[in-house]
Amino acid sequence: MLAVLSHVNAPKLQKPQRTQGGGGGEASSNLAETNYIPFSDGTIHYLGQHIAVVVADTLEHAVRGAALVRVTYDPKPAKTSLDEHRASAKEKGTQQSPASFAKGDADAAFASAPLKVDQIYRTPYEHHNPMEAHGLIASWEGDYLTLYDSSQNIFSVRRTISQMFGVPPENIHVLSQYIGGAFGSKGSVWPHVVIGVMAAREVKRPVKLMVTRKQLFFTNGHRPATEQRVALGANADGKLVSIIHEGFGQSNNVCTFVEAFTASTKVIYDSPNMRGVHRGVDLDLPSGTYMRAPGDSTGMFALDSAMDELAYTAKIDPLQLRLINHADRDPLTGKEWSSKSLKECYAQAAERFGWSRRTPEPRSMRDGRDLIGCGMASANRPSHRAPASARALMRSDGTVLIRSGSHDMGMGTLTVMTQLAAETLDVPIERVRMELGDTNLPQTPIAAGSMTAASVGSAVFGAATELRKKIAALDGVDPATLDPATYTAVLRRHYLNEIEVQFNAKPPEEDPYSSHAFGAHFVEVAVDADIPVVRVRRVVSAFAGGRILNAKTARSQGLGGIVWGIGMALLEQTHLDTKLGSFTNVNFGEYLVPVNPDIRQLEVILVEENDPHVNPIGVKGIGEVSMVGVAGAIANAVFHATGKRVRELPITVEKLL
Amino acid sequence: MRDHILFHVNGREHQVRAAEVFTTLSNYLRYGLCATGTKVVCEEGDCGACTVLVRRAATEEYRPINSCIQALHQLDGMSIVTVEGLRDGENLSAVQEAMVACHGAQCGYCTPGFVVAMTALYEKHDRVDEKQVRDGLTGNLCRCTGYEPIIKAALAVDGASAAKMRDRYPDLPEAGDAVQTDRFFAPSTLDDAIAWKRDHPGCTIVQGGTDVGVWVNKRAFNAPAVLSLTKLRELDELREEDGVIVAGANVTLAAFERFIEHRIPELFRILNIFGAPQIKNAGTLIGNIANGSPIGDTLPYLIVADAELELNGGARRVVISDFYKGYKQFDLGSDELITRVRVPIIRDTLKLYKVSRRRDLDISAFTAAFRLVMNDGAIESSRIAYGGVGPLVLRLPKTEAFLAGKRPSLELFTEAGAIARSEVAPITDVRGSKEYRLQLAENILPRFWYDAFEVQR
Chain D
4 MLAVLSHVNA PKLQKPQRTQ GGGGGEASSN LAETNYIPFS DGTIHYLGQH IAVVVADTLE
64 HAVRGAALVR VTYDPKPAKT SLDEHRASAK EKGTQQSPAS FAKGDADAAF ASAPLKVDQI
124 YRTPYEHHNP MEAHGLIASW EGDYLTLYDS SQNIFSVRRT ISQMFGVPPE NIHVLSQYIG
184 GAFGSKGSVW PHVVIGVMAA REVKRPVKLM VTRKQLFFTN GHRPATEQRV ALGANADGKL
244 VSIIHEGFGQ SNNVCTFVEA FTASTKVIYD SPNMRGVHRG VDLDLPSGTY MRAPGDSTGM
304 FALDSAMDEL AYTAKIDPLQ LRLINHADRD PLTGKEWSSK SLKECYAQAA ERFGWSRRTP
364 EPRSMRDGRD LIGCGMASAN RPSHRAPASA RALMRSDGTV LIRSGSHDMG MGTLTVMTQL
424 AAETLDVPIE RVRMELGDTN LPQTPIAAGS MTAASVGSAV FGAATELRKK IAALDGVDPA
484 TLDPATYTAV LRRHYLNEIE VQFNAKPPEE DPYSSHAFGA HFVEVAVDAD IPVVRVRRVV
544 SAFAGGRILN AKTARSQGLG GIVWGIGMAL LEQTHLDTKL GSFTNVNFGE YLVPVNPDIR
604 QLEVILVEEN DPHVNPIGVK GIGEVSMVGV AGAIANAVFH ATGKRVRELP ITVEKLL
Chain L
1247 MRDHILFHVN GREHQVRAAE VFTTLSNYLR YGLCATGTKV VCEEGDCGAC TVLVRRAATE
1307 EYRPINSCIQ ALHQLDGMSI VTVEGLRDGE NLSAVQEAMV ACHGAQCGYC TPGFVVAMTA
1367 LYEKHDRVDE KQVRDGLTGN LCRCTGYEPI IKAALAVDGA SAAKMRDRYP DLPEAGDAVQ
1427 TDRFFAPSTL DDAIAWKRDH PGCTIVQGGT DVGVWVNKRA FNAPAVLSLT KLRELDELRE
1487 EDGVIVAGAN VTLAAFERFI EHRIPELFRI LNIFGAPQIK NAGTLIGNIA NGSPIGDTLP
1547 YLIVADAELE LNGGARRVVI SDFYKGYKQF DLGSDELITR VRVPIIRDTL KLYKVSRRRD
1607 LDISAFTAAF RLVMNDGAIE SSRIAYGGVG PLVLRLPKTE AFLAGKRPSL ELFTEAGAIA
1667 RSEVAPITDV RGSKEYRLQL AENILPRFWY DAFEVQR
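Chains as they are written, first to last, in the working numbering: chain D, 4 to 660; chain L, 1247 to 1703.
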């Protein structure tokens, strides 16, 4: 054994400055548990917190050593139940989604509305469970650190480690070239990263630290459970006059995260009066964090379930109700959309699905012993981008190298950026190569919020455009008329082995437009009449995400998002034992994610959009909009099949008895 | 007596001895051989990322198993192919090419496991259909792609031109003799096995190890002695004799499944959704029996069929329902081993049910078996077994007595459902609530009537 580190003997670390919340634009310090420095004191905030690390020459020795550590505890009362502590809910916001919003007088309008729905919806704790657990290898040489970390936010890792360990950022080299999935869980600097780096410094040897599957249920974030009230008031013709969306989710006192479930409510349906608020109930539980389509997937389950309830109350087709309440402008800000093709999404997906063949009455469709139901929902996800840089280099042999910090955790960043550079330079794609996942390359933001294509794409597009200009300038010609076949000749004529440019792309300070990706889901379920297990038979989804850079990778994002929605609707839930404050089903045998037989017929329609405003390449991002709304559409289909409204996810058989 | 084990990895022989034989195959590959293509994700056989191919005998194909829950001692005499062994020199294999072409990989972490599992499909066949692909890949989880591109990739493989691993790695090490090293013993005679078990209290018999491997990884399980029966070739036996299937302790669930496809199609159907190929290729039928879980998927059938266990090569026989004395308590002496199971082929009216939250690759919340002997349109006698509603798989004597002599109808089975409900006392756990299980205990009877009588009409 080489070392046992805990608060007893760990070196003191600095608290990093939190320049921006949520790991957004600038490479902010993004220690997930802002109010807690690992091993800084003997306080245990929640069950599962790291309290010591054992470093040894082999994994077996380390595991054996960890088993020999004896801990004495001084117990304190703990708050673990969301339900019991609902009264302590406090308004909590995020940078993207402030705690509350309001327009008009939503409560008065609701009170006097002819048609009303007022219900409570609940979503459970869920865990990202990327296939690859979190892990790192840290290696110090003097004051220089090389850190291989499975991260979707390498520049933030560098900044945070720099501040905590008091070494300049340029001494720290973070690499994350291959990431085995993340879905938000690897966007923050979790305590294990700090501990691994600390351990390597203490034992003066490279240290490998892998989080076990069980541990990652406690130490790397989750989607917090929520309880949401949605109250909809409408006129007899179905036009909304009031939307109220309020509630709370689990939070804790070491992390600022809150599940911002009202985010979509501000933009998806038009209403003259609306208000929303999300609150956090600080519990002595592990920290939540953003998980694929945070806020929107949980919030839209509630909102689109309520819309479905309103459709039955108003006796209006659910699709028709959404068209009646289509927002032609951003309903809260009044801004124009940079582009919006939600109506086309509804139309194309409904047509393909055969929505018109649905009979409106619940329990009216059958297939043998199966009850058949059809449901639909809308999808929305804001289109953000953040400052990003890229370098483009051309060699005299005509090959191109694109370099940008960035990340590819399976979304296809390498593929689409290579393609974008090849298109912009008008050279064969085989000549272009890209390097990423390295803090020695130009800086980029976190790979999250569906903004990688827009952010990094704008930088790569800019760099390729500038490179073309720079080559044209050598000969003093117009870049538009420069024949790409002559690039190498120009370089040779000027005795250049290579030529390189860097481009720093920045979003505008003020955006006159509201930019969102939209979509629509249509779902058919079959519910076994005797053992009411729900099977999703068919999903047809249409997404409009601006320009689609690569139909194959975009479609895959669509399929993956739908499958996440199916998991959210029917399977995924982390159970909490409130007596212990412990998650209990902490393995793949009991935390169920969909397997291939759960997935039948999925269809993704990509509605092409030309958005001249959103960013230079017209891309809105598609990785999360695909998931938003699926759970609601399934819940609505289950109601149509069975006549039972399940307002609490996941929809298990128990809730259909 | 050999003091080490022998196996091939991608055609090269490896010898391992002493405590290292307890290392998992996945750790040996990753840390011992730096063959890191094999990924470890769940460490319990639930995700397939660690899938490798294993061939046990010259007469067998290469089959996929989960390397994270296989100890090296289980691999004596076998040939293993990892994802690193699939490439043909500089070229990707046909399966790998198809995965690239169909965009079957996103983050890539599940990909090696899928590629190996797909390769196994084409070891047996040159062409496969979608059902075979979906069954063959049930044990592999993917969190990115939504599966469809992977299924398409598997179907796009040109199987006829794909290299077969049995041709590339045809050899198996010579390892028929007994092995003893550290706490591990694989004897070559039954007497030696019985003596070892008797002399080593707490001895664990590890055959497929699909449960023990999970205990080792997740609960730091450390058996004082480990016994393997795999050298006892007589326990490889799998044959039909006078309407009874005789299966030895070495018979895997996969081999048993293939054997009963046309003999007991109803049990075949349940085994088909029992679990992943990787689990069925490792786990044994007798292991499932000896584990004695109240939700063991083969047990309801074995109980209504009156299967018999043969102990110590026939020294004693026990009817299976007498074997279980309580939760994980068995009629089995410290000097006794289950050597064979005798499974009668039922020709009466038979239906089996397995209910789980996920359609596949999920541990059951509830299982049931119904066997009716009909006489002139009436129920002469019946046997009903339920799993997941108590500490054991239960027979339902009151319900069985109620049905005797009556003519099947929806009303009869609805009434029987209420009686069945009163005969069980399930608990709530992560797989289902007490209320749900009670409701299933009741609903499954009218459902059985529908499936057994109404559908045929």
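For every residue, glycine included, the Cβ atom is placed at its ideal position computed from N, Cα and C.
Just so we're clear, the structure is a prediction, and the values are computed from it rather than from any experiment.
Contact under 8 Å by Cβ, Ser518 (chain D) with Ala462 (chain D) = On the first sequence, residue 518 (chain D) is found 515 positions in, with the first residue counted as 1. On the first sequence, residue 462 (chain D) is found 459 positions in, with the first residue counted as 1. No; because the gap between Cβ atoms is not below 8 Å, this pair is not in contact.
query = Which value, in whole angstroms, describes the spacing of the CA atoms of Gly1422 (chain L) and Leu574 (chain D)?
reply = For the purposes of this step, residue 1422 (chain L) is identified with residue 176 of the second sequence, where counting begins at 1. For the purposes of this step, residue 574 (chain D) is identified with residue 571 of the first sequence, where counting begins at 1. If you take the alpha carbons of Gly1422 (chain L) and Leu574 (chain D), they lie about 46 Å apart.
ask   = Shortest alpha-carbon distance to Arg1373 (chain L) belongs to which of L:Glu1646, L:Ala1340, L:Ala1347?
value = If you number the second sequence from 1, residue 1373 (chain L) lands on position 127. When each option's Cα is compared against that of Arg1373 (chain L), the closest is L:Ala1340.
request  = Inspect the beta-carbon positions of Asn238 (chain D) and Ala112 (chain D) and report whether they are closer than 8 Å.
outcome  = Walking along the first sequence from the start, residue 238 (chain D) turns up at place 235. Walking along the first sequence from the start, residue 112 (chain D) turns up at place 109. The answer is no: Cβ separation not under 8 Å.
ask   = What is the DSSP secondary structure of Gly24 (chain D), reduced to helix, strand or coil?
value = Mapped onto the first sequence, residue 24 (chain D) falls at position 21. Confidence at Gly24 (chain D) is low in this model, with a pLDDT of 43, below 50, so its placement is unreliable and the value that follows should be read with caution. Reduced to three states, the DSSP call for Gly24 (chain D) is helix.
ask   = Where does Cys258 (chain D) sit, in a helix, a strand or coil, going by DSSP?
value = Position 255 of the first sequence holds residue 258 (chain D). If DSSP states are grouped into helix, strand and coil, Cys258 (chain D) belongs with coil.
Residues within the segment 1679 to 1690 of chain L neighbouring chain D, beta-carbon criterion of under 9 Å = Ser1679, Glu1681, Tyr1682, Gln1685, Leu1686, Asn1689, Ile1690
task = Measure the CB-CB distance between Ile1584 (chain L) and Ala1536 (chain L) and report whether it falls below 8 Å.
result = On the second sequence, residue 1584 (chain L) is found 338 positions in, with the first residue counted as 1. On the second sequence, residue 1536 (chain L) is found 290 positions in, with the first residue counted as 1. Yes, the Cβ-Cβ distance between Ile1584 (chain L) and Ala1536 (chain L) is below 8 Å.
ask   = By Cβ distance below 6 Å, which residues in the same chain neighbour Ala1281 (chain L) in space, the five residues on each side in sequence not counted?
value = To locate residue 1281 (chain L), count along the second sequence from 1; it is residue 35. Cβ within range, chain order: Leu1275, Thr1328, Glu1330.
query = So, are the CB atoms of Met1324 (chain L) and Ala1399 (chain L) less than 8 Å apart?
reply = For the purposes of this step, residue 1324 (chain L) is taken as the residue at position 78 of the second sequence. For the purposes of this step, residue 1399 (chain L) is taken as the residue at position 153 of the second sequence. For Met1324 (chain L) and Ala1399 (chain L), no; Cβs fall outside 8 Å.
ask   = How is Thr655 (chain D) classed by DSSP in three states: helix, strand or coil?
value = Within the first sequence, the letter at position 652 stands for residue 655 (chain D). Here Thr655 (chain D) sits in coil by DSSP.
task = Measure the Cβ-Cβ separation of Asp311 (chain D) and Gly378 (chain D) and say whether it is below 8 Å.
result = If you number the first sequence from 1, residue 311 (chain D) lands on position 308. If you number the first sequence from 1, residue 378 (chain D) lands on position 375. Cβ atoms of Asp311 (chain D) and Gly378 (chain D): closer than 8 Å.
key: Rounded C-alpha distance that separates Tyr128 (chain D) from Gly252 (chain D)   = On the first sequence, position 125 is the one that residue 128 (chain D) refers to. On the first sequence, position 249 is the one that residue 252 (chain D) refers to. Cα to Cα, Tyr128 (chain D) sits roughly 10 Å from Gly252 (chain D).
Supposed close pair Val459 (chain D), Ser409 (chain D) - CB separation, criterion 8 Å = Here residue 459 (chain D) refers to the residue found at position 456 when the first sequence is read from its first residue. Here residue 409 (chain D) refers to the residue found at position 406 when the first sequence is read from its first residue. Val459 (chain D) to Ser409 (chain D), Cβ: 5 Å. Contact.
key: Paired residues, beta bridge with Trp340 (chain D) - DSSP   = Within the first sequence, residue 340 (chain D) is the residue found at index 337, counting from 1. Bridge partners of Trp340 (chain D): D:Ser517.
message = Just to confirm, is the Cβ distance from Asp307 (chain D) to Ala380 (chain D) under 8 Å?
response = For the purposes of this step, residue 307 (chain D) is taken as residue 304 along the first sequence, with counting starting at 1. For the purposes of this step, residue 380 (chain D) is taken as residue 377 along the first sequence, with counting starting at 1. Yes, the Cβ-Cβ distance between Asp307 (chain D) and Ala380 (chain D) is below 8 Å.
ask   = Taking C-alpha atoms, which residue in D:Ala55, D:Gly452, D:Leu148, D:Ala263 lies nearest to Thr229 (chain D)?
value = For the purposes of this step, residue 229 (chain D) is taken as the residue at position 226 of the first sequence. Minimum Cα distance to Thr229 (chain D) is reached at D:Ala263.
query = If we count the other Cβ atoms within 10 Å of its Cβ and call it buried at 16 or more, is Val72 (chain D) buried or exposed?
reply = Locating residue 72 (chain D) in the first sequence gives position 69, counting from the first residue. So Val72 (chain D) ends up on the exposed side.
inquiry  = Pop quiz: Gly376 (chain D) and Ala640 (chain D) are said to be a contact at Cβ under 8 Å. What is the actual Cβ separation, rounded to whole angstroms?
reply    = By one-based count along the first sequence, residue 376 (chain D) stands at place 373. By one-based count along the first sequence, residue 640 (chain D) stands at place 637. 4 Å between Cβ atoms; contact.
task = List the DSSP bridge partners of Cys1353 (chain L).
result = Here residue 1353 (chain L) refers to the residue found at position 107 of the second sequence. For Cys1353 (chain L), which the question treats as bridged, DSSP gives no partner whatsoever.
request  = Might you give, ordered along the chain, the residues of its own chain that have their beta carbon closer than 7 Å to the beta carbon of Ile551 (chain D), omitting 5 neighbours on each side?
outcome  = As a first step, residue 551 (chain D) is located in the first sequence; it is residue number 548 there, counting from the start. Ala557, Leu609, Glu611.
request  = With 8 Å as the threshold, decide whether the Cβ of Trp1695 (chain L) is near any Cβ in chain D.
outcome  = Counting from 1 along the second sequence, the entry for residue 1695 (chain L) is found at position 449. With 8 Å as the cut-off, Trp1695 (chain L) does not count as an interface residue toward chain D.
request  = Measure the C-alpha to C-alpha separation of Ala266 (chain D) and Gly298 (chain D) and round it to an integer number of angstroms.
outcome  = Counting from 1 along the first sequence, the entry for residue 266 (chain D) is found at position 263. Counting from 1 along the first sequence, the entry for residue 298 (chain D) is found at position 295. If you take the alpha carbons of Ala266 (chain D) and Gly298 (chain D), they lie about 6 Å apart.
query = Over what stretch of residues does the beta strand (DSSP E) that includes Gly1494 (chain L) continue unbroken?
reply = Residue 1494 (chain L) sits at position 248 when you count from the first residue of the second sequence. Element bounds for Gly1494 (chain L): 1490 to 1494.
inquiry  = Once the 5 residues before and after Trp1442 (chain L) are set aside, which same chain residues still bring their CB inside 8 Å of it?
reply    = Your numbering for residue 1442 (chain L) matches position 196 in the second sequence. Correct list, in chain order: Phe1431, Pro1433, Cys1449, Ala1471, Leu1473.
inquiry  = Short of 9 Å Cβ to Cβ, which residues in the segment 124 to 137 of chain D face chain L?
reply    = His131, Asn132, Pro133, Met134, Glu135, Ala136
ask   = How would you label Arg1258 (chain L), buried or exposed, when you count the other beta carbons within 10 angstroms and need 16 or more for buried?
value = Looking up residue 1258 (chain L) in the second sequence gives position 12. Burial call: exposed.
task = Helix, strand or coil for Tyr1570 (chain L), going by three-state DSSP, please let me know.
result = Residue mapping note: residue 1570 (chain L) aligns to position 324 of the second sequence, counting from 1. The answer is strand: DSSP assigns Tyr1570 (chain L) an E or B state.
task = Measure from the C-beta of Thr316 (chain D) to each C-beta in chain L and report whether the shortest distance is under 8 Å.
result = As a working note, residue 316 (chain D) is residue 313 in the first sequence. Not closer than 8 Å to any Cβ of chain L, the Cβ of Thr316 (chain D) fails to qualify, so no.
task = On the DSSP bridge assignment, give the partners of His713 (chain D) in chain order.
result = The displayed coordinates of chain D run from 4 to 660. Any statement about residue 713 (chain D) would go beyond what the structure contains.
ask   = In angstroms, rounded to a whole number, what distance separates the CA positions of Pro1424 (chain L) and Glu1503 (chain L)?
value = Taking the second sequence and counting its residues from 1, the one referred to as residue 1424 (chain L) is at position 178. Taking the second sequence and counting its residues from 1, the one referred to as residue 1503 (chain L) is at position 257. Here residue 1424 (chain L) turns out to be Ala, not Pro, going by the sequence shown. Distance between the alpha carbons of Ala1424 (chain L) and Glu1503 (chain L) is about 29 Å.
query = Where does Cys1314 (chain L) fall in DSSP's three states?
reply = Taking the first residue of the second sequence as position 1, residue 1314 (chain L) is located at position 68. Residue state, collapsed to three classes: helix.
request  = In angstroms with no decimal places, state the Cα-to-Cα distance between Pro209 (chain D) and Pro133 (chain D).
outcome  = Here the question's residue 209 (chain D) lines up with position 206 in the first sequence. Here the question's residue 133 (chain D) lines up with position 130 in the first sequence. Cα to Cα, the separation comes out at about 25 Å.
inquiry  = Let me check understanding here. Comparing Cα to Cα, which of D:Leu118, D:Gly563, D:Val628, D:Ala70 lies closest to Cys348 (chain D)?
reply    = Translated into positions along the first sequence, residue 348 (chain D) becomes position 345. Nearest option by C-alpha distance: D:Val628.
ask   = Of the choices L:Val1262, L:Gln1378, L:Asp1438, whose alpha-carbon is the least far from that of Leu1401 (chain L)?
value = The residue labelled residue 1401 (chain L) in the question sits at position 155 within the second sequence. For the residues L:Val1262, L:Gln1378, L:Asp1438, the minimum Cα distance to Leu1401 (chain L) belongs to L:Gln1378.
query = When Cβ atoms are compared, which residues of the segment 1283 to 1305 of chain L fall closer than 9 Å to chain D?
reply = Lys1285, Val1286, Val1287, Cys1288, Glu1289, Glu1290, Gly1291, Asp1292, Cys1293, Ala1295
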